[in-house]
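I have placed the structure first, in the form of structure tokens, so that the comments after it can refer back to it.
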Amino acid sequence: VQLQASGGGSVRAGGSLRLSCLATGNVADISEMGWYRQASGKQRELIARIFSNGATTYASNVKGRFTISRDNAKTTVYLQMNSLKPEDTAVYYCNLVMRGSDYWGQGTLVTVSS
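Residue numbers (the working numbering): 1302 to 1415.
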């Protein structure tokens, strides 16, 4: 299983970005897909998850600004990020949980300037 994340970049505060993550390979029985981020000098934190039944959860510091979704094939997960703030600057990683195992993408950098 491989995860390919894309969509990162640089944006001014208040702007928007949309991240995508495509899962390829022997993908089946996905329990959840999600997005994490890691800012410089900080621990990786969970941002949003979408479960197999479509339920979603968000970290409190992004709720209302970020939206996680997936395609009908359930192999691509998106993160729509609006009203971005400088503190959203981080490397964003997609995650997939399948049959009890975790899989990670390579990370995509998001930089938000004030």
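Note that the Cβ used here is the ideal one computed from N, Cα and C, for glycine as well.
Exercise. Where does D1330 fall in DSSP's three states?
Worked result: In the structure shown, D1330 sits in coil (DSSP, three-state: anything other than H, G, I, E or B).
Exercise. Just to confirm, are T1358 and R1371 a CB contact at a threshold of 7 Å?
Worked result: At a Cβ-Cβ threshold of 7 Å, T1358 and R1371 do not count as neighbours.
For this session: Please say whether G1309 and T1376 have beta carbons closer to each other than 7 Å?
Result: Between T1376 and G1309, the CB-CB gap reaches or exceeds 7 Å.
Exercise. Assuming D1330 and M1382 make a contact with CB atoms under 8 Å, what is their CB distance in whole Å?
Worked result: In this structure D1330 does not touch M1382 by the C-beta definition: roughly 28 Å separates them, more than the 8 Å allowed.
For this session: Would you kindly work out how many angstroms separate the C-alpha atoms of K1343 and D1389, rounded to a whole number?
Result: Each residue's Cα considered, the two are about 12 Å apart.
Exercise. Should R1313 be labelled buried (16 or more other beta-carbon atoms within 10 Å of its own) or exposed?
Worked result: Exposed is the call here.
Problem set entry | Cα-Cα separation, Q1303 to Y1404 | Rounded to the nearest angstrom, the two C-alpha atoms are 7 Å apart.
Exercise. According to DSSP, is Y1372 helix, strand or coil?
Worked result: Here the sequence assigns Asp to residue 1372, which means Tyr is not the residue at that position. Residue state for D1372 is assigned as coil, using DSSP reduced to three classes.
Problem set entry | Closer than 6 Å: K1386 CB and nearest the ligand COA heavy atom | Looking at this structure, you won't find the ligand COA or any other ligand, since it has none at all.
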